[in-house]
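Per mature numbering (1 follows the signal peptide of the UniProt record, and there is no 0), the sequence shown runs over residues -27 to -1, 1 to 311. The next block holds one structure in the form of structure tokens; read it before the comments.
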Amino acid sequence: MILKKLISTILAITIIFSLIPLSNASAAERNNVVAIAKKYLEVPYKFGGTTPSGFDCSGFALYVFNQVGISLPRTSESQYQAGTTVSRSNLQLGDMVFFEDTYKSGISHSGIYIGNNQFISATSSRGIAIDSLSSSYWGPKFVAGKRFIEEKVLPELPAGQFHDVASGHLAYEAIRELSGKNIISGFHNSYFKPADPVTRGQAAAILNRVLNLPSKDSTDFSDVSTSMTFGKDIIAVQAAGIISGYKDGTFRPNSNMTRAEMAIILQRAFGLNQLTHLQTASTPYSDVNSDYWAYDAILQLNSIDQTKVFKTSTFNASSQATRADYAAAIYSATLVGN
């Protein structure tokens, strides 16, 4: 009888833990989840939506976590039944947060914790938005957090594969292809950090690994020398008229690059203006007007996109270009005309 009860208990525990999709991840993946989620700020709300054209709250979480290889149940109620329960005081970046009694009784809303007592979620009134857990509306409705990311020591992966770039990531093929050719590098322990920003120096180096431009022995930039990291690459792309400096005579290699600047760089580097077959008649982006300074370049980037990274309703031109964005852009540009 005792043995029978023990077996039943073990089976019950096994079933419970089989519902918890733990990820072989590290703190880098938590940051990645948050960065991916923030990319979709202001995307409109759509009941039943699970894509960047429109999300509901559970569909948004489903999409974001899928980008890092974590599968979630479809609805907020079923998501709440999975994962490891976390108290409000123990929330970490990338944990999910759940609320009750919003538009219906019981668990009815979910979001992703982004730190500083804030979470991001799909709201019916503002689309993807950031709110405080202590607000007069959300505070009383908070139920609990759920953790789907567990930190573990991970093995080194073969070239082109990374723990934080799952096969479902939109830039997966671009990252795999470019890293396999040593055009773009990863980090220690087989991490790529796809949501990290790209600096101007890094952008120059990655681009020059594709174009193999001739360099010079000197430069007019006061903050660039041939002996510094990426120095020769910066000098080469500047000489080719692809990336220019600032009026004060600096290049600012450690400054982050915006998505609009990325589009301009791709346009210049690959001569996208000369490709007459590209469709640039109208914008697919609600946040890019025809008089915007990088309008044509942004539309051309959308037209050549082979990854769907840029097939979204908004472009967020002033946001920082991420490593995944840049990989997708470079990869797509190299395929134009092939």
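Where is the CB? At the ideal position from N, CA and C, for every residue including glycine.
Around the C-beta of residue 167, 16 or more other C-beta atoms lie within 10 Å, and the residue is accordingly described as buried. Residues 31 and 35 of the same chain have their beta carbon placed closer than 7 Å to that of residue 47, with the five preceding and five following residues left out of the count.
With a threshold of 16 other beta carbon atoms within 10 Å, residue 76 falls short and is exposed.
Inside the segment 183 to 240, DSSP marks whole alpha helix (DSSP H) runs of 4 or more residues at positions 204 to 212, from first to last along the chain. In the DSSP assignment, residue 145 falls within the alpha helix (DSSP H) that extends over 145 to 153. Between the alpha carbons of residue 267 and residue 236 lies a gap of roughly 7 Å. For residue 152, the number of other beta carbons within 10 angstroms of its own is at least 16, and it is reported as buried.
For residue 298, the closest C-alpha among the options 231, 117, 90 and 244 is that of 231.
Taking one beta carbon from each stretch, the segment 110 to 126 and the segment 52 to 60 have 3 or more pairs nearer than 8 Å; the two touch. Of the candidates 82, 50, 49 and 87, 87 places its Cα closest to the Cα of residue 65.
Taking C-beta atoms as the reference points, residue 177 and residue 221 fail to come closer than 8 Å. A Cβ-Cβ separation of about 11 Å leaves residue 69 out of contact with residue 93 under the 8 Å criterion.
Note on the segment 36 to 93: whole beta strand (DSSP E) runs with a minimum of 3 residues are 57 to 59, 69 to 73 and 80 to 88, in chain order.
Between the segment 158 to 166 and the segment 130 to 137, the count of C-beta pairs closer than 8 Å reaches three or more; the two stretches touch.
Residue pairing of residue 138 in beta bridges, as defined by DSSP: 135.
Straight-line measurement puts the Cα of residue 208 at about 32 Å from the Cα of residue 137. Residue 18 places its beta carbon less than 8 Å from that of residue 29. A direct Cα-to-Cα measurement between residue 238 and residue 188 gives close to 18 Å. DSSP places residue 278 outside both helix and strand once states are collapsed to three, so it counts as coil.
Taking 8 Å as the cut-off, the Cβ atoms of residue 275 and residue 283 count as close. Cα atoms of residue 103 and residue 198: separation of roughly 42 Å, rounded to the nearest angstrom. Annotation for residue 300: the continuous alpha helix (DSSP H) segment containing it runs 296 to 308. As computed with DSSP, residue 99 is found in no beta bridge at all.
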